[in-house]
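A short worksheet on the structure shown next.
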Amino acid sequence: MPLFSIITPTYNRINLLSNMIVSVKNQTFTDWELIIVDDGSTDNTSEIVEQFLADDRIKYIKKNNSGAADSRNVGAGSASGSFLVFLDSDDEVSIKWLGTVVSNLKADTGIVCVAAQRRFSSGKILQEPLFGTKIFGKKYKLKFTAGSLFVRRELFHQAGCYDAQLASNHHTDLGFRLMNTLINSNYKIVDLNVPLVQINVHESARIRTNWNKVREGSIMFLEKHYEFMLRNDKKGVSNLYAVIAFSNYKLNDRKECFKYIVKAIRWNPVSYKNYIRLFKYIF
Numbered sequence: 023m024p025l026f027s028i029i030t031p032t033y034n035r036i037n038l039l040s041n042m043i044v045s046v047k048n049q050t051f052t053d054w055e056l057i058i059v060d061d062g063s064t065d066n067t068s069e070i071v072e073q074f075l076a077d078d079r080i081k082y083i084k085k086n087n088s089g090a091a092d093s094r095n096v097g098a099g100s101a102s103g104s105f106l107v108f109l110d111s112d113d114e115v116s117i118k119w120l121g122t123v124v125s126n127l128k129a130d131t132g133i134v135c136v137a138a139q140r141r142f143s144s145g146k147i148l149q150e151p152l153f154g155t156k157i158f159g160k161k162y163k164l165k166f167t168a169g170s171l172f173v174r175r176e177l178f179h180q181a182g183c184y185d186a187q188l189a190s191n192h193h194t195d196l197g198f199r200l201m202n203t204l205i206n207s208n209y210k211i212v213d214l215n216v217p218l219v220q221i222n223v224h225e226s227a228r229i230r231t232n233w234n235k236v237r238e239g240s241i242m243f244l245e246k247h248y249e250f251m252l253r254n255d256k257k258g259v260s261n262l263y264a265v266i267a268f269s270n271y272k273l274n275d276r277k278e279c280f281k282y283i284v285k286a287i288r289w290n291p292v293s294y295k296n297y298i299r300l301f302k303y304i305f
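Using this note's numbering, the first residue of the sequence shown is number 23, and each one after it goes up by one.
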């Protein structure tokens with residue numbers, strides 16, 4: 023049984039997939055399995071993956087298209103590692119990605135978070151804001167990006183896996199449930215401020231640039247967690263309303279844009295950014 027199961031959903035990304043696989047194969051720590059879940063690709067993804075299948079640590083699952091969240095769950099169901107980590111097929115990792123995590127593991131470690139950076143096609147690199155935990159009484163909020171979160175397999179399943187019904191906000195939703203599962207266990211979280219994941223920003227479709235999905239997923243997420251956020255994270259409610267407003271702005275729906283930016287201001291009236299958004303989006 024490997025220590026790490028790396029789960030990668032992919033859909034029509036043959037121009038980037040090989041780089042991700044090579045970055046995993048180059049790890050200094052070698053006790054891992056890579057499960058590539060092909061979400062119904064219509065290109066020659068299978069031919070690209072087959073070039074790597076001589077390495078018995080790499081597994082390939084082909085299924086009908088059902089979205090990245092469901093694909094991650096399918097991969098998790100086939101995983102045998104003690105820890106799961108979900109890596110996007112268009113991203114890459116440092117050769118010390120796994121080794122750094124291993125050196126910080128303890129018997130009571132349930133979750134490990136590492137830092138990430140964004141690399142743009144221009145070559146510009148920006149470090150992602152630190153993720154980690156925010157405590158609300160006896161409940162927690164965890165924000166992470168793909169490749170940055172390592173979680174014990176049993177904790178992932180106890181938390182209920184990814185919610186495939188959401189159109190977006192999959193990681194944020196899982197983060198809520200994971201941290202509330204963790205607090206009721208004997209495990210602890212380790213935050214490592216080390217940038218080990220490279221998020222490649224490119225023109226290919228991502229959920230975050232599919233504004234219909236961003237809008238739908240944000241509304242669904244807010245409905246799902248509204249009572250908790252209403253009591254504990256009003257700024258978070260405002261931020262979600264701002265995201266929905268921006269989505270409507272990108273979709274040229276000025277009426278809905280105005281509706282949600284007003285809600286964002288109502289829930290965080292001291293945020294000058296919301297007033298800037300109001301004038302930018304509406305006037």
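In this text, a Cβ means the ideal position worked out from N, Cα and C, and glycines have one as well.
- Query: Helix, strand or coil for R141 per DSSP?
  - Reply: strand
- Query: Considering only residues of the same chain and omitting the five flanking positions on each side of V265, which have a CB-CB separation below 7 angstroms?
  - Reply: V236, S240
- Message: Here's the rule: buried if 16 or more other CB atoms are within 10 angstroms of the residue's CB, otherwise exposed. What is R299?
- Response: buried
- Item | Close Cβ partners of D113 (< 7 angstroms) along its chain, the five nearest in sequence each way excluded | M42, A168, G169, V219, Q220, I221, N222
- Classify T50 as buried or exposed, calling it buried when 16 or more other Cβ atoms lie within 10 Å of its own Cβ. exposed
- Item | Alpha carbon of D92 to alpha carbon of K256, nearest angstrom | 30 angstroms
- Since S68 contacts T32 with CB under 8 angstroms, what's their CB separation in whole angstroms? With a Cβ gap of about 10 angstroms, S68 and T32 do not count as contacting.
- Where does N234 land, buried or exposed, given buried means 16+ other C-beta within 10 angstroms? exposed
- Which same chain residues, not among the five before or five after R140, have their C-beta less than 6 angstroms away from its C-beta? L148, I221, V223
- Item | Residue of K246, Q180, V96, N208 minimising C-alpha distance to T194 | K246
- Task: For R94, I'd like the list of residues in its chain whose CB is within less than 7 angstroms of its CB, leaving aside the five on either flank, ordered along the chain.
- Result: I29, P31, F108, Y184
- Message: Looking only at its chain, what residues have a beta carbon closer than 7 angstroms to the beta carbon of R174, apart from the 5 residues adjacent to it on each side?
- Response: S104, F105, G132, Y209
- By Cβ distance below 6 angstroms, which residues in the same chain neighbour A181 in space, the five residues on each side in sequence not counted? R199, L200, T203
- Message: If you reduce the DSSP assignment to three classes, tell me which class C183 lands in.
- Response: coil
- Message: Based on DSSP bridge pairs, tell me the residues matched to S27.
- Response: E55, L106
- Message: What does the Cβ neighbour count give for N296, buried or exposed, with the cut at 16 atoms within 10 Å?
- Response: buried
- In chain order, what residues of the same chain have a beta carbon less than 6 angstroms from the beta carbon of Y271, not counting five sequence neighbours either side? C279, Y303
- Helix, strand or coil for I147 per DSSP? strand
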